[in-house]
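Structure first, commentary second.
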Amino acid sequence: MQIKTQKQITILQNKAQKVADQLNEEVVAIAKGIQHIQTQTGVVYQLNAENFDAKKLTLIAKKIGDDLEVTLEESVVVFDNYFNVCGTDLSCLVSLPTEDGGLYHIVADAFFTLEDGTQVVYFYGEQSIVTTESSAASTKGNQSFFDVINSNIKIVAIVTAVAVVVASSGGSGGSGSDDGDDSDDDNKTLEQPIVQVAEVNATENEAKDENHITVKAELGSKVTITFSANGKTVTKIIESASGNHDKVSVLTVDELNALGDGSISISAVAAKDGVISSAGTGSFTLDTVAPIFDQQPTAINTDINTPITTTIYDAQATDQNGNADEGITYSIKGTNANKFEITANTGVVTYKTMQTSVHIDAITIVATDVAGNESLQNITVSVVNNPTIQVAEVNTTENEAQDENQITIKAEAGSKVTITFSANGKTVIKVIESASGNHDKVSALTVDELNTLGDGLISISAVAVKDGVTSSAGTGSFTLDTVAPIFDQQSTAINTNTHAPITTIYDAQATDQNGNADEGITYSIKGTNADKFEITADTGVVTYKTIQTSEHDDTITIVAADIAGNTVEKVVTVSVKNLMHGFTIDGGNGGYASGWSTSSAGDVNGDGLDDLIVSSYLDGTTPDGSRNRSGNSYVVFGKIDETIVDLSAVVSGTGGFVVHGDGTYPGDWSGWSVSSAGDVNGDGLDDLIIGVRNAWGRSPPGEDPRQFSGNSYVVFGKTDGTAVNLSAIGTDGFSIEGASNLEQNGFSVSSAGDVNGDGLDDLIVASAYFNTAEGRVYVVFGKTDGVTVDLANIGTSGFVIKGEEVQNWWTGRSVSSAGDVNGDGLDDLIISAYYANLEAGKSYVVFGKIDKNDINLLDIVSGTGGFVINGENDGDLSSCSVSSAGDVNGDGLDDLIVGAHKATSNNKAETGKTYVVFGKTDKNAVNLSTIALGTGGFVINGENAGDWSGWSVSSAGDVNGDGLDDLIIGAKKANSGNGKSYVVFGKANEDSVNLSAIVAGTGGFVINGESAEDESGHSVSSAGDVNGDGLDDLIVGAYLVNHSLQEGKGRSYVVFGKTDTAAVHLADVSAGRGIIGHAIDFQGNQSEYSGTSADELFVAGEGDNILIGNGGTDVFNAGAGNDTIIIDSNNLTKLYSNTLSNNLLARVDGGGDIDILKLSGSNLRLDLTHIDNGRIQDIEVIDLTGSGDNTLILNLNDLLDISSSTNILKVIGNSGDKVDIELNDNAFVQNSASETKDGITYHVYSNANASTAELWIDQGLGVI
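In the working numbering, the protein residues as written are 268 to 1531.
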């Protein structure tokens, strides 16, 4: 129903008032800002005029969606969901003040719609809603809501501000007296006209009926239709509506042009019997602008036999707003249109069938917009046979002579082809007058023409012409390169060593003209020796085809060719040389027997390289220069070169230092036995022990000296070359005095390892002649002071090991640390009695212990505190020499080696035998006859009769880097007294070893003596790692060597570790033959050394150093001091490998004091269970911090092996780092108490299998 009068509004308001009287009244308090009210049924919400200054009040009520929004000058009240909750049944109401002091009830379905779409249900104020919300009409500034309804209905209609009653309720006004009867005549309304718009086009509107506008209005009404746009109006009249859709008289072209392009608004109002309807509205968009095609070429070439899916042309037109293809419909016309398809919405043109002949088609593409405006685009499609270009190789020096270096063109038979070459702003043109239809060769580019074009990319364009038709261009290109590759500047004189594994000899690297290494370069080799080598064609890596076993030179020519055929050559000479096998230590004077006893000294001076001790027990002079045979011992510092060490230079402090015998009594024979003592005083430097078997000991006042009681001296490690005099040992060490006359203490001396687990290395000294050669052995605990130890009153300084009380057994003839044979974390001992049991010989293994109680070897025989090793046959003299063997079979327990130099082997008298006894935890006796059968160890049979193999035996360390400890056996009588020494590689099986196989290069290698009657091999020992390359070295004593025209001066030979099994000839060592395996990369005492990704050798001094690997096969020799060694993932990978690189085997040696191994990186796994023993050593702290989530994996053996100074390993890191250990009662168990050190609190884990072992784990780390 159309609202026409105030009376109509009054009727609706009366109805609403009746409802309001029955609802609960709620007065809305007004506050500044926006407030929301949740509309509820059964309530009338009232804003009372008493709250406002009526003269200044402005109020507009709008329908916003389903909400009623009442806007005041400083407030907005929103009745949420009002038009939904209240609905047409008036279940709730909002009442607003009127100008006469009454209330206007907002009926849910009555509202104005303004031009901008705002729906207004009521307003109040001095200015009407029309003037405030619309600029199209004026109400003179003083009209009320009812005035607008009553007197301005027409103006409201013009501006489309129309009061609409959608349902049966609505209205405006106060509390008038109308009874609400809506059957009154004044309530009559006209239906709103309905406007329908078809299509309107300025050029065609008059001719097409469908382009009409129709209006449906009440029968007989007069309809006024107003068209408006761009400030212009056109009016049409329907004098009497039919009641159906009546066509509006056609808008002429002039009228449409007057309105102009754009949106044309239509308003239709019907009038009948004085009643005016509300306006029916509509609109259309007038578009007289035709689409515009883009500017792409309209002459198109396509090849014959092109697939029909290929786009021939992609038409693209834009509408008047610049939108491509939007509302555009494409079609084609013309004579050849039937050959083509076009997509109506995108304008893509394709042939319907494959075109197989050369011809031209012309078509017209029509683009039509939604208004019917059209544009035409004429295109010409030439179906051509394009030339095909093939480019082979072009070279300025060879192009004219070689047909294969031609360019060929395939074009339609009979066509004329023009070929244009262009580069660097220059062109060269060639012509084929009549193409054959196949590939025709282009006449060769001459050298001058190629030089004209210049180096670089040469572009080729070929165009064929036939019968007036020109093809599109066939294209190609080639790169002209007249510049030969350039080799880098690395040395062309290459050294490699004999017996080296097949590895990179030379890495040729050449660059192309753009400086790109190896890119497009092909390498080859030529020359007389080329057949010995392989080269990788793409990278230039040169290797030998086979292992080279002899010294020689090979010369090859490496050829680098680029893709243009330019070549360059480099001549490389490869010198295959023996690696330097070591160096000699020459005695000072004739007859002094230098090399009688030899041993590793450990790292005495803390420089990171292991040192040596060599004795000359017949050396020594009195002050007047006469010889007194007091004996001297010499400490030789580790080094990497082949230079001979002359002991006379060592006496002066060069390359080591001398330890002079006491000299109080002539013939002391100081140095009869020498050994490393380990770190006895805990200062981080390795110490020495020297046996003086004939020394006269001091005695209590008033008593005679102890004649030939013997002394042993501990000399503390030191960094200088100043001589040490045993007569005034003072603070340089301490003496250990024999207990009784004639016992000859010091007959055999050795480090005992850490027997009692206190962190200080202990000592073992033997008095082989005690009680008429019954023999007695003493263990002296490590200590920090220089107080003399009197073996007659050893007390708390150690304990005594008593023989079986059988004279002439020579108990203690040879003594040694046995390593940790039973795996309990305490170092054990091995003691010989080589005349026992009818000279079959016995050896005793004494387990380490914490107490100081004396030991009787009879108890050992019965299986208490150790076990006995019984000789195999009478007269073998087994245990003439005994030693720890290290871990030969890799089971985690240290093994033993026992020499029997008089044993018969393979029916050859006195060839000698050596027995390896595997470590074990039980105390059952071991019979060497059982070992010989391959149970519990293995036998090593001598080579030839009378060799006396096994006269001296020792662990060799890991000489070949395979992770198993190796052995060295001396046979001083071999080869007419030249002597031989045999290195036997560690192995896990129990098969016997024949030294003849070692000589042949199976399972080890032989060291041949230099000259007859030298007796090389009289003493043998591991030398530690003297040259720092990661492989353990050896020392061989030959005390009878004659040199410098003096007899019996003696000589010792240091033999460097190696991986091959070729024989070592001491004559070559003496001559200094061979090349250095790897020079030291970082050496000294800087606070920090940072490596590169290359393979590097670090040798640090006695300070606190930081060594950073940064990858590569690095060897870290940290030396003394509290050092930190930092390794990354690549370093870690090399530690898992047994492969040498650049003659280095990756290893970490923290040296003395407290050293830290630190990881650099994240998600690293330091798995000690998969890294060979000895590859990480003398580390007391592992720092997992890195950059996150690193893991340490270890077992008890790893903990016991990682440090030589303590059985406590600390592990620190960050959260996210983890330690992976076995947790159970027979493995690691967390102690109840924690430990705090240097601000870090640790959880402590012990192990029932090793009482001194403790794993301290930072409490912030995970344990899995």
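The beta carbon of each residue, even a glycine, is placed where N, CA and C say it ideally should be.
Collapsing the DSSP output to three states places Thr-719 in a helix. Residue pairing by DSSP puts Pro-364 in a beta bridge opposite Leu-370. A distance of 9 Å or more separates the beta carbons of Glu-1139 and Asn-1227. Gly-1441 is positioned such that its CB atom lies closer than 9 Å to that of Asp-1225. Beta-bridge partners of His-766 (DSSP): none assigned.
Below 8 Å, enough C-beta pairs join the stretch 839-859 and the stretch 808-828 to call them touching: three or more. Each of Ser-915, Arg-960, Ser-919, Gly-949 was checked against the Cα of Gly-928, and the nearest Cα belongs to Arg-960. Within the same chain, His-766 come within 6 Å of Asp-1327 by CB-CB distance, once the 5 residues on both sides are set aside. Partner residues in the beta bridge of Tyr-618, as assigned by DSSP, are Phe-607. Apart from the 5 residues on each side of it in sequence, Ser-726 sits with its Cβ closer than 6 Å to the Cβ of Ser-689, Ser-744 in its chain, given in chain order. Counting along the chain, the unbroken alpha helix (DSSP H) around Glu-522 starts and ends at 520-526. As for any beta strand (DSSP E) of minimum length 3 sitting wholly inside the stretch 986-1031, the runs are 1000-1004, 1012-1020, ordered along the chain. Taking Ala-584 as reference, the option from Gly-614, Asp-1390, Asp-1141, Asn-568 with the minimal CA-CA separation is Gly-614. Glu-1363 counts as buried, since no fewer than 16 other beta carbons sit within 10 angstroms of its beta carbon. In the assembly as shown, Lys-1187 is a buried residue. Its beta-carbon has 16 or more other beta-carbons within 10 Å. In the DSSP assignment, Thr-1039 falls within the alpha helix (DSSP H) that extends over 1037-1040. In the three-state DSSP reduction, Tyr-790 falls in the strand class (E or B). Here Thr-770 is exposed, its C-beta having fewer than 16 other C-beta atoms within 10 Å. In the DSSP assignment, Asn-645 falls within the unbroken beta strand (DSSP E) covering 641-651. With respect to the 9 Å criterion, Gly-1268 and Ala-1330 are classified as neighbours on the basis of their beta carbons. Relative to Asp-971, the option among Ala-944, Ser-342, Asn-645, Ser-1007 whose CA is nearest is Ser-1007.
The beta carbon of Lys-693 is closer than 6 Å to those of Thr-719, Leu-720 in its chain, skipping five residues each way along the sequence.
Look at Tyr-1045 here: in three-state DSSP terms it is strand. The alpha-carbon of Asp-1232 is positioned some 32 Å away from that of Asp-987. The C-beta of Pro-460 has 16 or more other C-beta atoms within 10 Å across all chains shown, which makes the residue buried. For the 9 Å CB-CB criterion, Ala-1033 and Val-1082 form a contact. Inclusion of Glu-801 and Lys-812 in the CB contact set at 9 Å is warranted, their separation being smaller than that value. Taking the C-beta atoms as reference points, Gly-541 is found no nearer than 9 Å to Lys-499. Note that the stretch 825-841 touches the stretch 775-791; at least 3 beta-carbon pairs, one per stretch, sit closer than 8 Å.
DSSP lists no bridge partner for Thr-803. Per DSSP, Leu-1262 lies in no beta strand (DSSP E); the unbroken alpha helix (DSSP H) holding it starts and ends at 1262-1266.
With respect to the 9 Å criterion, Asn-1389 and Gly-1376 are not classified as neighbours on the basis of their beta carbons. Between the alpha carbons of Asn-899 and Val-926 lies a distance of about 6 Å. Counting the other Cβ atoms within 10 Å of the Cβ of Pro-654 gives 16 or more, which makes it buried.
Rounded to the nearest whole angstrom, the C-alpha separation of Gly-875 and Leu-1030 is 23 Å.
For Thr-1400, there is no enclosing beta strand (DSSP E); the residue is found in the alpha helix (DSSP H) stretching over 1396-1403.
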